[in-house]
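Taken in sequence, the protein lines are chains A, B, C, D, E and F.
First residue of the first sequence? That's 1 in full-length UniProt numbering, and the numbers climb one at a time after it.
First residue of the second sequence? That's 1 in full-length UniProt numbering, and the numbers climb one at a time after it.
First residue of the third sequence? That's 1 in full-length UniProt numbering, and the numbers climb one at a time after it.
First residue of the fourth sequence? That's 1 in full-length UniProt numbering, and the numbers climb one at a time after it.
First residue of the fifth sequence? That's 1 in full-length UniProt numbering, and the numbers climb one at a time after it.
First residue of the sixth sequence? That's 1 in full-length UniProt numbering, and the numbers climb one at a time after it.
We treat Cβ as the ideally placed atom computed from N, Cα and C, and that holds for glycine.
Structure, as structure tokens:
Number of protein chains: 6
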Amino acid sequence: MRILVANANTTEAITLRCAEAARGAASAGVEIVPGTPRFGPAVISSGLENAIAAHGVLDLLAAHAGRVDAVVLAVSLDTALDAARQMMPCPVVGMTEAACLAACMLGPRFGLVTFGGTESYRQLIRHYGLGERCSGLVGVDFTPQRALVDPEGAVRAVAEGVAGLVAGGADSIVLGGAALAGMEPALREAAPVPLLDGMACGVRMAEALVALRPARAQGGPMAPVRGRDSVGLSDALAGLLRGG
Amino acid sequence: MRILVANANTTEAITLRCAEAARGAASAGVEIVPGTPRFGPAVISSGLENAIAAHGVLDLLAAHAGRVDAVVLAVSLDTALDAARQMMPCPVVGMTEAACLAACMLGPRFGLVTFGGTESYRQLIRHYGLGERCSGLVGVDFTPQRALVDPEGAVRAVAEGVAGLVAGGADSIVLGGAALAGMEPALREAAPVPLLDGMACGVRMAEALVALRPARAQGGPMAPVRGRDSVGLSDALAGLLRGG
Amino acid sequence: MRILVANANTTEAITLRCAEAARGAASAGVEIVPGTPRFGPAVISSGLENAIAAHGVLDLLAAHAGRVDAVVLAVSLDTALDAARQMMPCPVVGMTEAACLAACMLGPRFGLVTFGGTESYRQLIRHYGLGERCSGLVGVDFTPQRALVDPEGAVRAVAEGVAGLVAGGADSIVLGGAALAGMEPALREAAPVPLLDGMACGVRMAEALVALRPARAQGGPMAPVRGRDSVGLSDALAGLLRGG
Amino acid sequence: MRILVANANTTEAITLRCAEAARGAASAGVEIVPGTPRFGPAVISSGLENAIAAHGVLDLLAAHAGRVDAVVLAVSLDTALDAARQMMPCPVVGMTEAACLAACMLGPRFGLVTFGGTESYRQLIRHYGLGERCSGLVGVDFTPQRALVDPEGAVRAVAEGVAGLVAGGADSIVLGGAALAGMEPALREAAPVPLLDGMACGVRMAEALVALRPARAQGGPMAPVRGRDSVGLSDALAGLLRGG
Amino acid sequence: MRILVANANTTEAITLRCAEAARGAASAGVEIVPGTPRFGPAVISSGLENAIAAHGVLDLLAAHAGRVDAVVLAVSLDTALDAARQMMPCPVVGMTEAACLAACMLGPRFGLVTFGGTESYRQLIRHYGLGERCSGLVGVDFTPQRALVDPEGAVRAVAEGVAGLVAGGADSIVLGGAALAGMEPALREAAPVPLLDGMACGVRMAEALVALRPARAQGGPMAPVRGRDSVGLSDALAGLLRGG
Amino acid sequence: MRILVANANTTEAITLRCAEAARGAASAGVEIVPGTPRFGPAVISSGLENAIAAHGVLDLLAAHAGRVDAVVLAVSLDTALDAARQMMPCPVVGMTEAACLAACMLGPRFGLVTFGGTESYRQLIRHYGLGERCSGLVGVDFTPQRALVDPEGAVRAVAEGVAGLVAGGADSIVLGGAALAGMEPALREAAPVPLLDGMACGVRMAEALVALRPARAQGGPMAPVRGRDSVGLSDALAGLLRGG
């Protein structure tokens, strides 16, 4: 089984770190294929950058269509997830989506902790229709940059955020954002509830979907498009819009 | 990996059929352990029977606590799912819950088709907070008994239900109820959208959760109970309430 | 008129206290019949115990079917309420449900105060579809045991919780849990909004329903079941599943 | 106990019919006091008339403040209910509100049937936060006038509406509007689920609230106003705004 | 273009101040016509007064029907807005509604700040179906009276409220209530997000609707009523109920 | 005042038609500036194309930043609206958003009619938090191409859709999609409720926002980004990510 770990940021270092995490989480025999978009924001940190990045990640996916068994979007805002599902002939999973759905199988309500603002995550969870399952979001006042310099301080700060969410009714915690990806082991001791890591959840959910072999939609909003013209897109992307 | 396929009906024939389906869906090397409650309704077909059956299925699970790696509830109403999660030291997955969550990773809105009334499913999906993701439910006018005698008629009737749901905006279909479990292959041709089988989804989701090794809640509503007295329960169940 | 005050805990002392409260609240001429389940948790304090207790309380009710005019569930989580309604030939009311609905007739939004965790109450209110009418829940850090030893401290702690709820927009307060049942008079002075006691509301709502003489559902999800087999249930409960 | 049956229409014949129904539904010893506003629409049949009528019914209630033990609003849109609750020193119940809340104690979802348009009822149920408990509304194509001439045709038409609601998942039916008030006995035979009559529910709920003796709010949005000036209102109404 | 600025309070000084604000906000060539009800509460400060005031403001509007091109309700609770729309042959806009809708075009979630209680605003926003767009409401502990004496203190207090709302996720702020109307310039410096003034938004939205020349509803809940009798209403209001 | 009418399709003929409509709807003295993206789908007809088009329309807007007073997105799915608002120093309005908000000022519930599938519109309205204000959506079985050949047939088909929506409770109708833009006059006669044209509403709402001169957010999710790197974007777009 080949799983494309598709970054939506154009920073290849992030891609490699995510691919590494994916390899650590995958079943034996799964090949992880890292992918970085050719153009777009270096690091998505706002709704604006996320909207721009959709084109880049779809362009990246188009180049792999038919050559991988599944895709995991290695970007915490699950950039262009719905569109990617419509376009690709294989399952596509978002890392935050996967963590939220896994959390739903552990208890009634999850919290989400991340670095910085929470508005984009709030909108994402609402978009997934999971608002009632989310007890709250906490944005820790820390940056990914500072976390690289002061990893222990970062863990302490996140652990405080986790404690606040648990006090507010969360029975599991989604770790939001690539910067928190590696932290699960360090936090595990301190956290009184299970923690969900997006890359690990994404890879295992992708494997599960591949095993279920769902048919591709032939009609409705998820059916592949056909016969659509475009201007200035890559051959691969334009080809998928034109279809067969 | 050992997965308990726990029926909440006391009809062992159903347990065996579900275990068979689970074996067909599981990864290589997974051992499926079938389980049937010692007491309770023969076949759950109402909210009343479902409420009574909760005790029986928890009694069954208690007897396997610590001896399996995961549980799949092999009953379409996911009987006592939240309570089972609080009680068991391993992941517990409901077959309808698993199918609904898998459907969420295929497109914006799923439909559900079943034999008979849909009210219990409507309440279940609402309880899961997935009401916004469900485009509709169709109860086909057919009984499990009649389906055994006229399997082709059953497939035709379900296919009609599927078509109605797709026309109403569903981009995937959850097959609700044990009686529809084996039908996926026969329906696949006719259905313009992917179909989700509860046992297959349940087993694969259980495998994914086992792989993620989530910590057990130490506090909050999902933490194990401790020091609780009871009257007239089995030793295993009473023991789990007493804890320690 | 005979009203069964049905405990779902197996602790008879609780039953007797609730029956006493019911007698104090009932109209002249109403006979209160106390009932305690034969098996189940001693005191329900978690979702797990509540799920187990459903069987016991339905077993208890089955023994009184046809011999009482109404049932009030004397348990703060309204254990097995929907199932009891489907099973019994008479009105069945939950004490917390009754308090919430009475509160709805006093103003736009009620709060709920209880001892300990609030998650089960949050889920119950959401299950009743009353989430928009509830301004908040407060779990006072006190135990029923401690309240017996320090009743004045308990009243002070609950009064603080009430004040917090009123500041948050509640215009009435539901007292959640048997442990708060007797406290209404002591709190009344201090509370700037009306307080709703579950047993009093339950008994008066049951009387109102009996007076309205609602027909029993002949179809749909609330119709009595018929011809259903079971294993290992009491004669009375098995008989109601078999019907006729 | 004295209960004011307060019409919000200025047609006294409607008041008398409602008072008659209230007497038939009340407990022994309850005195029913009919009241008709001094000004306002003859028969409320639109949101516009309902908004105008609020003043008239509050003017009527003000004249009875302190002289009755409870009020039942005898108008199907529960005109000015929230304001009446804030103003009056006794419980105030709306007839449609009371029927909806009683229905909530009979099963998961009620339907509502009425003559003519359903939009005002939809908004009312949504205002009560009961949208999730309502399975649907049916507006029968019949007028109150025609029902007087052809009562059997009216019953047939309403029975059809009831059947449609039951097919759509209702397990009880609220009869909306004064014109359907007397119909419950004639419909009872044909309906497979219980029917709720607004006046009967309103009177019994009012009795229950009186028995519970809820304290009056001293603060928050339901507290009585004090020291408010006004222009051109009746002495009684202006007096209640001034307070003290 | 003539726009009626219709107060629902009977205090003419408020009307004149609102009309002044409206003139400052209107396009060149727009004539602002101030209007004060003949009867009703002096200053609406509760749900009760708001319900009474509906009649007065509709009475006022009826006297201007056909003689103005649009109406802006110059009252922060948008008194009788839906009814006014059904009654008038021209567009009617509420000042708080207009501010909320304008806020929706600036970002995902607005907050609302006002003097005193927030419950009426919460209900209003919920009535508009905009609950998901509102991040929170803050009631500043200040009175309109005190604001006249200590305008700088009022600005400081409101600015604190604004800061709290922004911290809670608001990306724009609706200034609720006539008392905050003139404050926008003084607050603008300090506020990190845009502020919406009800009168300015109301006037500009009214101009936009007039320009769009929407047809009047001929059927459904917004169609004008016809042939309706009434008692004791003004000739103008009674005439609009009777229709053509 | 200069308003950019920004198409998100790369078909210039659509841009010109929209600009024409905008000129017809604008106030005297408003200059309409048409804009077409340099790359992207020719005509957006699916969620996939819409996601790709976001980049192109943001690229187009970036080239006009600081040189126009407002933007109207001339594309029925309001492509990249939130991101455009964050990026641009002036108000940005979506044509469907503007029509929905204008409809909210005409009555309680609007319907939406369009050619083809409705799922994208359903999601858009839900994204705007206006689900409760929308009574339904109808997708007429017609194509823009066929409408060019058979305009009278198109009007008849849309009129049928309008009638269905009105029967279902709509009191105004949003015309969704560029293909319905010119149809309002032809439909007006037949429609019993007001019709909202997206371009007209968009232009007038943009004018209103410009007049209100809202401050730009300095913090929170709508604040402009600053210091962000990117790869392969146009100078204008990259410049706005880098900021001042």
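I'd like to know if residue i contacts chain F, where contact means its C-beta is closer than 8 Å to some C-beta of that chain.
i: Pro224 (chain E); result: no
Residue i to residue j, Cα distance in whole Å?
i: Leu233 (chain C); j: Gly94 (chain B); result: 25 Å
i: Glu189 (chain C); j: Ala208 (chain F); result: 53 Å
i: Ala53 (chain C); j: Leu112 (chain C); result: 23 Å
i: Ala80 (chain F); j: Met88 (chain F); result: 12 Å
i: Pro37 (chain A); j: Leu60 (chain A); result: 5 Å
i: Ala28 (chain F); j: Ala22 (chain F); result: 12 Å
i: Ser172 (chain C); j: Ala211 (chain F); result: 45 Å
i: Ser230 (chain A); j: His64 (chain F); result: 23 Å
i: Gly56 (chain E); j: Ile125 (chain D); result: 26 Å
i: Arg133 (chain D); j: Phe110 (chain D); result: 6 Å
i: Arg85 (chain E); j: Gly66 (chain E); result: 13 Å
i: Ala98 (chain B); j: Met205 (chain B); result: 6 Å
i: Gly239 (chain A); j: Ala62 (chain A); result: 9 Å
Quick check: residue i and residue j, are their CB atoms within less than 8 Å of each other?
i: Gly107 (chain B); j: Met222 (chain A); result: yes
i: Met183 (chain C); j: Val158 (chain C); result: yes
i: Ala163 (chain D); j: Ala154 (chain D); result: no
i: Val72 (chain E); j: Val203 (chain E); result: yes
i: Cys18 (chain C); j: Val5 (chain C); result: yes
i: Pro224 (chain B); j: Gly243 (chain B); result: yes
i: Pro144 (chain C); j: Leu241 (chain B); result: no
i: Val75 (chain D); j: Ala179 (chain D); result: no
i: Gly220 (chain E); j: Val193 (chain F); result: yes
i: Ala26 (chain B); j: Ile3 (chain B); result: yes
i: Met105 (chain C); j: Pro91 (chain D); result: yes
i: Leu58 (chain B); j: Ala83 (chain B); result: yes
Measuring only between beta-carbons, confirm whether residue i sits less than 8 Å from chain D.
i: Pro41 (chain E); result: yes
i: Cys201 (chain C); result: yes
Comparing the C-beta of residue i with each C-beta of chain E, is any distance below 8 Å?
i: Pro108 (chain C); result: yes
Just checking: is the beta-carbon of residue i within a distance shorter than 8 Å of some beta-carbon in chain A?
i: Val231 (chain F); result: yes
i: Pro214 (chain B); result: yes
Taking only beta-carbon atoms, is residue i less than 8 Å away from chain B?
i: Arg122 (chain A); result: no
i: Leu241 (chain C); result: yes
i: Pro221 (chain C); result: yes
i: Arg85 (chain A); result: yes
i: Asp235 (chain C); result: no
Mind checking if residue i is an interface residue toward chain C, Cβ cutoff 8 Å exclusive?
i: Pro10 (chain B); result: Residue identity check: residue 10 (chain B) is Thr in the sequence provided, not Pro. Yes, Thr10 (chain B) lies at the interface with chain C (some Cβ there is under 8 Å from its Cβ).
i: Asp69 (chain D); result: no
For residue i, which residues does DSSP report across the bridge?
i: Thr118 (chain D); result: DSSP lists no partner for Thr118 (chain D).
i: Ile32 (chain E); result: E:Ile3
i: Gly111 (chain D); result: D:Gly136, D:Ile173
i: Val231 (chain D); result: E:Gly40
i: Leu195 (chain A); result: A:Ile173
> Looking at chain D, which residues of the stretch 164 to 187 of chain F have a Cβ within less than 7 Å of any of its Cβ atoms?
Replying inline: Gly169
> Taking any Cβ of chain D, which residues in the stretch 123 to 134 of chain C have a Cβ under 8 Å from it, in chain order?
Replying inline: Answer in chain order: Tyr128, Gly129, Leu130, Gly131, Glu132, Arg133.
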